[in-house]
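Input: a single structure, listed below in structure tokens.
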Amino acid sequence: MTPHLLSVSDLEVQYRRPGQLPTRAVAGVSLDVQAGEVVGLVGESGCGKSTLARAVCGLTAPTAGGIVFDGTPVGPLRVRRREPALTRIQMVFQDPYGSLNPRRRVGAQIADGIRIAALRGDIPVPESTDGPVEHFLTRVGLPASAAQRFPHEFSGGQRQRIAIARALAARPSLLVGDEPISALDASAQAQVASLMRSLAVESGAGLLFISHDLSVVRLIADRIAVMYLGRIVETGTTAEVWDNPRHPYTQALLAAIPQPDGAGRLPTELPGDVPDPAAPPSGCRFHPRCPRAFDGCDREDPRLNADGVACRLYA
Ligand SMILES: Nc1ncnc2c1ncn2[C@@H]1O[C@H](COP(=O)(O)OP(=O)(O)OP(=O)(O)O)[C@@H](O)[C@H]1O
Ligand SMILES: [Mg+2]
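Residues 1107 to 1421 (the working numbering) make up the sequence shown, in order.
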């Protein structure tokens, strides 16, 4: 069997703040991504998706567990720079304003990605970055003239395309998108999501695509992992999860998606908010909100079974 491109095992990430209980934002997660595969990670706000993504990229130190990327353990960011091997992981964030430098021309920022790949020795140092910059702009559907402009001259969707071009220019073998489409309007959302999928798959890279929107993830992911309060509660192929959701949380997420006829069922099954991860419920973390909880769910903490579901209904 070929080793996974990314292998996350029993990962825990805690945040500690003086005078407060530690927050276990990621509380024992195992997740793999293969080369050329798109894995969608979904879950409500606050369930730990970004924390997981940041740990995968070496931006947040795990408290326990391991992350191996392409045979290299991912450690926390060094003071000045990431391990060169880790520049093969590139991230696209929710807000491209936060990740693009407003004072530098778009072309110069994409050229940074090209230089990263050259420093790693993956491509020869280009005499001029103009040609490669144009290549990546074209691939994300922007004109070559965009290179001379500044980020604020573009729409949100276009800025996200620039962020994708810059990430691709660094020749990643894993692309991590943390809510890369949630700041975009509906038509741009599907376009940018599909673009990320096709560019990642064409280049043979894996894609970990994070979103709270299961209906968009469904369009582009090969596999889906559903996260709740620091844990993966269900995982499977996109067809399995979409057509036959088993965990009551996944069922509730699906029920919350508006229907094409506009009727838009309300998520009546899913009352309340995600609890504070600093004080998670006893037993199954989902039991206080679960419409199918039964005797013992408040005491026993189910872990993912061999079928990819963490629920006592399927024990
Ligand atoms: N730097 C931090 N210090 C302390 N707590 C944090 C920090 N970052 C996140 N948290 C807490 O960790 C938990 C998980 O946060 P995280 O941002 O990973 O969730 P998320 O699933 O990405 O949410 P969203 O969908 O809103 O982006 C939350 O309870 C959050 O308040
Ligand atoms: Mg987040």
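Glycine included, every Cβ here is placed at the ideal spot set by N, Cα and C.
Small disclaimer: the values here were computed from a predicted structure and weren't measured.
Residue i to residue j span [Cα, whole Å]
i, j, result
"T1169", "R1122", "11 Å"
"L1112", "I1173", "7 Å"
"G1142", "V1246", "18 Å"
"T1374", "P1408", "Low confidence applies to T1374: its pLDDT is 48, below 50, so where it sits in the model is not reliable enough to give any reading."
"A1217", "A1269", "12 Å"
"E1340", "E1285", "20 Å"
"A1294", "M1197", "19 Å"
"E1406", "A1399", "11 Å"
"P1202", "L1274", "15 Å"
"A1056", "G1402", "What is shown of the chain runs 1107 to 1421, which leaves residue 1056 out entirely."
"A1358", "P1249", "42 Å"
"P1387", "V1323", "28 Å"
"S1205", "L1419", "43 Å"
"G1171", "D1116", "5 Å"
"S1151", "S1300", "23 Å"
"H1110", "L1313", "13 Å"
"R1395", "G1378", "7 Å"
"Q1297", "L1305", "12 Å"
"H1241", "S1251", "12 Å"
"E1233", "Q1264", "28 Å"
"D1404", "P1354", "15 Å"
Test item: CB-CB of residue i and residue j under 9 Å
i, j, result
"L1127", "A1384", "yes"
"G1342", "G1414", "yes"
"C1163", "V1282", "yes"
"I1222", "P1238", "no"
"H1258", "P1179", "no"
"V1332", "T1356", "yes"
"L1243", "A1271", "yes"
"I1287", "S1261", "no"
"A1167", "G1181", "yes"
"A1289", "Q1200", "yes"
"A1253", "R1211", "yes"
"T1193", "G1213", "no"
Distance between beta carbons of residue j and residue i, contact taken as under 8 Å
i, j, result
"P1190", "L1225", "7 Å"
"I1195", "L1280", "5 Å"
"L1320", "V1135", "Rounded, the Cβ-Cβ distance is 18 Å, inconsistent with contact."
"A1131", "V1119", "5 Å"
"F1392", "V1144", "About 26 Å; that fails the 8 Å criterion."
CB contact below 9 Å: residue i versus chain B
i, result
"L1419", "Annotation note: the requested chain B is absent from the structure, which comprises a single protein chain."
* **Quiz: which residues have CB nearer than 5 Å to ligand 1 non-hydrogen atoms** => In chain order, the residues that have a beta carbon nearer than 5 Å to some heavy atom of ligand 1 are Y1121, T1129, A1131, S1151, G1152, C1153, G1154, K1155, S1156, T1157 and P1383.
* To do: Kindly confirm or deny that the region 1138-1157 and the region 1313-1333 touch, where touching means at least three C-beta pairs closer than 8 Å.
  => A contact exists between the region 1138-1157 and the region 1313-1333.
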